[in-house]
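Just below is one structure, and these are the notes that go with it.
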Amino acid sequence: MSNTPNADIAYTLKTPEDSVRLYRQWAETYDETFAEATDYVLHLEVARHFVLVGGFGPVLDVGAGTGLCGAALRARGIGSVDGTDISPDMLKVAGDKDIYRHVFEGDLLVGLTLPEGLYQGAVSSGTFTHGHVGPQGIDTVLDPVRPGGWIVLAVNAQHYAAAGFAAKMDEIETRITDFSETEVPIYGPASAGARASDTSLLLSFRKA
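Residue numbering for the sequence shown follows our numbering, starting at 2 and increasing by one per position.
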């Protein structure tokens, strides 16, 4: 396998430290060598769906990376977006784009030290996938969102089936309302290769 950062390597990550190391190498070229090169569109789907269900700011972009989803939210008229990510190097790229009010490092598996109800909504694109975060991270996303606020999380469809997301959604049933699942493409029509037809489930719900 090539040592050049790519999605195949990202899907095999085992620990948060692995993620930090990979994205340290990838941050400066991620938008060109991944997002543009593969016709990545999942962030656009997340932003579109968040607006479609009635979400509005202030919004927390979880796993913000280089700011792709944050930029898509801003393009759809959502203001007051903050971004968090485990990778300081990816956040540096995002911060330089002048998309977010604030960016800050955060690990969903450890928890985010944020006041409860700080945000009206939350989104995540590309974080709940192979080698990254499993269903336990959903609790961390819920905590800083106000009651009634919309949350839209993109979960790789294969990861959803293998990692126990269905059981997690059952577990938090009393904490959420208006739950729905929508299958969307991860890559656009210009994508090629083994992952070109991969899909994600958008988990949409409101905090009760």
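Using N, Cα and C, we set each Cβ at its ideal position, and we do this for glycine too.
Alpha-carbon spacing of residue i relative to residue j, whole angstroms
i, j, result
"residue 37", "residue 29", "13 Å"
"residue 91", "residue 75", "18 Å"
"residue 45", "residue 73", "6 Å"
"residue 2", "residue 150", "Bear in mind that a pLDDT of 38 at residue 2, under 50, signals an unreliable position, so the model cannot answer this."
"residue 143", "residue 208", "7 Å"
"residue 200", "residue 40", "13 Å"
"residue 118", "residue 205", "18 Å"
"residue 180", "residue 152", "10 Å"
"residue 64", "residue 138", "11 Å"
"residue 158", "residue 99", "32 Å"
"residue 184", "residue 193", "20 Å"
Cβ pair residue i, residue j closer than 8 Å
i, j, result
"residue 182", "residue 202", "yes"
"residue 190", "residue 121", "no"
"residue 94", "residue 129", "no"
"residue 97", "residue 83", "no"
"residue 51", "residue 104", "no"
"residue 31", "residue 66", "yes"
"residue 145", "residue 115", "yes"
"residue 164", "residue 135", "yes"
"residue 187", "residue 53", "no"
Residue span of the alpha helix (DSSP H) that contains residue i, given as start and end
i, result
"residue 47", "43-53"
"residue 171", "166-172"
Unbroken beta strand (DSSP E) run spanning residue i, endpoints
i, result
"residue 104", "104-106"
"residue 1", "Past the edges of the chain, shown from 2 to 209, lies residue 1, and the structure says nothing about it."
"residue 190", "Where residue 190 is concerned, there is no enclosing beta strand (DSSP E), given that its DSSP letter is neither H nor E."
Segment contact, 8 Å Cβ cut-off, at least three pairs: the region 164-181 with the region 104-114
Three or more beta-carbon pairs separated by less than 8 Å are not found between the region 164-181 and the region 104-114, which leaves the two stretches without contact.
Length at least 3, wholly inside the region 103-164: the beta strand (DSSP E) runs in chain order
Counting only runs of 3 or more, we get 104-106, 120-129, 146-157.
Within the region 54-107, note down every full alpha helix (DSSP H) run reaching 4 residues or more, in order along the chain.
Runs of the alpha helix (DSSP H) inside the region 54-107: 69-76, 89-97.
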